[in-house]
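K.L.:
Can you keep this structure in mind? I'll have questions shortly.
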Amino acid sequence: MVRFVFFLFLIASFVQGEDIEKEFLKEQIKSVPLNKAVIVGKGKERVLVFMNPDCPHCRKEWQELKGCLHKLRLYVFLVPFPRFPESYQKSAYVVCSKNHLRALDEVLSGKWDQRPLPVKSCPLLKEHERIAKEMGVSAVPYNILLRDYTVVSGYSPDLRKKLSCDR
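Numbering (the working numbering), first residue to last: 130 to 296.
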């Protein structure tokens, strides 16, 4: 349903020449409970991030972004996919961890690959899945720069540049 409505907004945007897509996204994000996200970083640049702990592109993106957490504040929603059998356990480990940054770095760095995790379930992870579904996220990484609602879908080597995150 969300995709159909989004499609209608795209058509209206094309016909009217306005940026209705970003307005739709802005309204949609208002309903996202950011306090349910895994929040990492203390910077001013806010980014809504959807990722999977076993996705190779998400892991590559994380390696590039983690050095910029002094400039960034990431609101991470983990999305386990069936094609990655360990992703549910890894996502639960991160979401229900007391130290989100450490747990996120561990799973995205491969520390827990093919190893048993110290957590089996996490009710909050269902919220992450619901939010991703409502946002229409079907592939990761999926990033929304909250300053101007720019969407960066998939791995982009230019993401650091877009975030003014110099090495």
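Beta carbons: idealized from backbone N, C-alpha and C, even for Gly.
Run through the DSSP bridge pairs and tell me what Asn272 is partnered with.
P.N.:
Its beta-bridge partners are Val178, Val281.
K.L.:
Can you tell which of Ile149, Pro286, Arg276 has its C-alpha closest to the C-alpha of Leu201?
P.N.:
Here the closest residue by C-alpha is Arg276.
K.L.:
Within its chain, find whatever has a CB closer than 6 angstroms to the CB of Cys197; leave out the 5 residues flanking it on each side and keep chain order.
P.N.:
Contacts found: Cys294.
K.L.:
Shortest alpha-carbon distance to Pro270 belongs to which of Asp242, Cys225, Gln192, His199?
P.N.:
Comparing Cα-Cα distances from Pro270 to each of Asp242, Cys225, Gln192, His199, the minimum goes to Gln192.
K.L.:
For the candidate residues Leu292, Leu288, Ser285, Ile260, whose alpha-carbon lies nearest to that of Leu163?
P.N.:
Of Leu292, Leu288, Ser285, Ile260, the residue nearest in Cα terms is Ile260.
K.L.:
Please state if the CB of Leu203 and the CB of Gly170 are separated by a distance shorter than 9 angstroms.
P.N.:
Cβ atoms of Gly170 and Leu203: closer than 9 angstroms.
K.L.:
Which of the three DSSP states, helix, strand or coil, is assigned to Arg244?
P.N.:
Coil at Arg244, not helix or strand.
K.L.:
Less than 6 angstroms between C-beta atoms, sequence neighbours within five positions excluded: which residues of the same chain meet that for Cys187?
P.N.:
Around Cys187: Met180, Asn181, Val269, Pro270.
K.L.:
Note down, in chain order, each residue of its chain lying with its Cβ closer than 7 angstroms to the Cβ of Val236, except the 5 sequence neighbours on either side.
P.N.:
Hits under 7 angstroms: Pro182, Lys219, Tyr222, Val223.
K.L.:
Could you tell me which of Leu154, Glu152, Lys155, Lys189 sits nearest to Arg289, measuring between CA atoms?
P.N.:
Comparing Cα-Cα distances from Arg289 to each of Leu154, Glu152, Lys155, Lys189, the minimum goes to Lys189.
K.L.:
If you measure between the beta carbons of Leu154 and Ala166, is that distance less than 9 angstroms?
P.N.:
Cβ distance not < 9 angstroms, so Leu154 and Ala166 don't count as in contact.
K.L.:
Buried or exposed for His257, please, with buried defined as at least 16 other CB atoms from any protein chain shown within 10 angstroms of its CB.
P.N.:
So His257 counts as buried.
K.L.:
Taking only the alpha-carbon atoms, compute the straight-line gap between Gly172 and Pro286 and give it to the nearest angstrom.
P.N.:
Going from the Cα of Gly172 to the Cα of Pro286 covers about 20 angstroms.
K.L.:
Express the C-alpha separation of Thr279 and Glu152 in angstroms, rounding to a whole number.
P.N.:
Whole-angstrom Cα-Cα distance: 11 angstroms.
K.L.:
Return yes when the C-beta of Glu256 is under 8 angstroms from any heavy atom of the ligand SAH, and no when it is not.
P.N.:
Absence of the ligand SAH from the depicted structure is noted, as is the absence of any ligand whatsoever, leaving it without description.
K.L.:
Leaving out the 5 sequence neighbours to the left and right, which residues in its chain are closer than 8 angstroms to Lys160 when beta-carbon positions are compared?
P.N.:
According to the sequence displayed, residue 160 carries Ser and not Lys. If we look at Ser160 and ignore the five residues flanking it on each side, its Cβ neighbours are Glu263.
K.L.:
Which stretch, first to last residue, makes up the alpha helix (DSSP H) that contains Phe153?
P.N.:
149-159 is the span of the alpha helix (DSSP H), which, as asked, contains Phe153.
K.L.:
I need the DSSP call for Leu233, collapsed to helix, strand or coil.
P.N.:
Leu233: helix per DSSP, three-state reduction.
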